[in-house]
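The numbering used here applies: residue 2 is where the sequence shown begins, and numbers increase by one.
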Amino acid sequence: MGIDTEMRRDVRALPGRLGMPLGAVSLLAAVVLVVLGFVFAGQDVGAPVDIGIRAYLRSLDQPWHSIALVIDWTGEPVGAVVVLAILVIVFLRKGNRRAALFAVAGPAAAVVVTSGMKPLVGRTINDGFLSFPSGHTASATAYALVVMLVVCRRLWLTLLVALVAAAVMAWAQVLLNAHYPTDTFGGFCAALAIVPVVAWAIDYLWDRLLTRS
Numbered sequence: 002m003g004i005d006t007e008m009r010r011d012v013r014a015l016p017g018r019l020g021m022p023l024g025a026v027s028l029l030a031a032v033v034l035v036v037l038g039f040v041f042a043g044q045d046v047g048a049p050v051d052i053g054i055r056a057y058l059r060s061l062d063q064p065w066h067s068i069a070l071v072i073d074w075t076g077e078p079v080g081a082v083v084v085l086a087i088l089v090i091v092f093l094r095k096g097n098r099r100a101a102l103f104a105v106a107g108p109a110a111a112v113v114v115t116s117g118m119k120p121l122v123g124r125t126i127n128d129g130f131l132s133f134p135s136g137h138t139a140s141a142t143a144y145a146l147v148v149m150l151v152v153c154r155r156l157w158l159t160l161l162v163a164l165v166a167a168a169v170m171a172w173a174q175v176l177l178n179a180h181y182p183t184d185t186f187g188g189f190c191a192a193l194a195i196v197p198v199v200a201w202a203i204d205y206l207w208d209r210l211l212t213r214s
């Protein structure tokens with residue numbers, strides 16, 4: 002079946018000039034994620050670096066707790082669907098079907114990776130809840146990476162916005178006592194590792210489909 006003209010105008014999910022540098026970032030993030038997974042395997046307490054950060058954030062009261070709940074909601078199933086739906090609708094209205102697919106596949110892959118790693122690492126918080134790496138932080142980072150790669154397409158700004166998104170979600174997760182700070186760093190690394198790979202895969206498969214048409 003052929004592909005219409007609008008589909009042919011879709012830009013690449015991973016800009017060619019960002020392929021190698023973002024690939025290096027992805028590889029480094031994957032290595033860090035795996036190393037941290039081994040370091041934190043089986044633990045039921047935070048790392049020394051977690052203690053001070055966690056104590057301060059957990060001491061915050063209103064309105065910070067309510068703000069954190071709103072941020073946390075964007076990583077919950079309903080909130081994530083809303084965020085993804087908005088991104089997909091915006092990209093489709095712009096005629097960019099490849100970006101719409103990326104908006105779903107990138108964050109979904111990040112969540113799959115974090116969900117799969119949690120039982121393998123076995124780090125727990127709050128009497129047995131698996132915590133490493135943080136899926137919420139991975140989702141927030143993935144949203145930012147998708148938007149910036151599609152809209153901005155500059156490496157340093159893409160990474161900066163992804164870091165800010167991760168930091169905001171990390172703040173909320175630690176304040177709500179859902180994760181240790183190092184869990185959230187793991188989620189950030191997970192998204193950095195997987196989202197560029199998803200972008201490359203989408204481009205590869207999409208271009209092959211265009212060639213066959």
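Backbone N, C-alpha and C define an ideal beta-carbon position, used for all residues, glycine too. These figures come from a predicted structure and were not determined experimentally.
For residue i, which residues of its own chain have a beta-carbon under 8 Å away from its beta-carbon, when the five flanking residues on both sides are left out?
| i | result |
| --- | --- |
| Thr125 | Gln44, Asp45, Leu131, Ser132 |
| Tyr205 | none |
Ignore the nearest five residues each way along the sequence and tell me which others in residue i's own chain have a CB closer than 7 Å to its CB.
| i | result |
| --- | --- |
| Ala194 | Ser27, Ala30, Ala31, Leu34 |
| Ser116 | Gly136 |
| Ala145 | Val162, Ala163, Ala166 |
| Asn178 | Arg59, Asn127 |
| Asp5 | For Asp5, the pLDDT reaches just 37, beneath the cut-off of 50, and the residue's location in the model is therefore unreliable, leaving the point undetermined. |
| Leu156 | Leu19, Pro22, Leu23 |
| Gly80 | Trp74 |
For residue i, which residues from the same chain have a beta carbon less than 6 Å from its beta carbon, with the 5 sequence-adjacent residues on both sides left out?
| i | result |
| --- | --- |
| Pro197 | Leu23, Ser27 |
| Gly107 | Ala143, Val147, Val196, Val199 |
| Pro16 | Arg154 |
| Ile52 | none |
| Gly76 | His137, Ser140 |
| Ala101 | Val89, Phe92, Leu93 |
| Lys119 | Leu131 |
So if DSSP puts residue i in a beta bridge, which residue, or which two residues, is it bridged to?
| i | result |
| --- | --- |
| Phe130 | Ile126 |
Give me the Cα-Cα distance between residue i and residue j, rounded to the nearest whole angstrom.
| i | j | result |
| --- | --- | --- |
| Arg94 | Ile87 | 11 Å |
| Val91 | Val105 | 13 Å |
| Leu19 | Val89 | 23 Å |
| Val175 | Pro182 | 6 Å |
| Phe103 | Ile203 | 7 Å |
| Val114 | Tyr57 | 30 Å |
| Asp208 | Ala111 | 23 Å |
| Arg13 | His180 | 35 Å |
| Val40 | Arg99 | 38 Å |
| Val169 | Asp62 | 17 Å |
| Pro64 | Gly123 | 33 Å |
| Leu210 | Trp201 | 14 Å |
| Ser67 | Leu121 | 32 Å |
| Gly47 | Val82 | 31 Å |
| Thr159 | Ala173 | 22 Å |
| Asp184 | Ala42 | 12 Å |
| Pro78 | Ala171 | 18 Å |
- Message: With three or more beta-carbon pairs closer than 8 Å as the criterion, would you say the segment 178-195 touches the segment 122-137?
- Response: yes
- Query: Can you give, in chain order, each stretch of the alpha helix (DSSP H) that sits fully within the segment 42-73 and has at least 4 residues?
  - Reply: 49-59
- Touching by the beta-carbon criterion (3+ pairs, under 8 Å), the segment 62-73 and the segment 146-153: no
- Task: Identify every run of the alpha helix (DSSP H) within the segment 151-179, keeping only runs that are complete inside it and at least 4 residues long; order them along the chain.
- Result: 156-176
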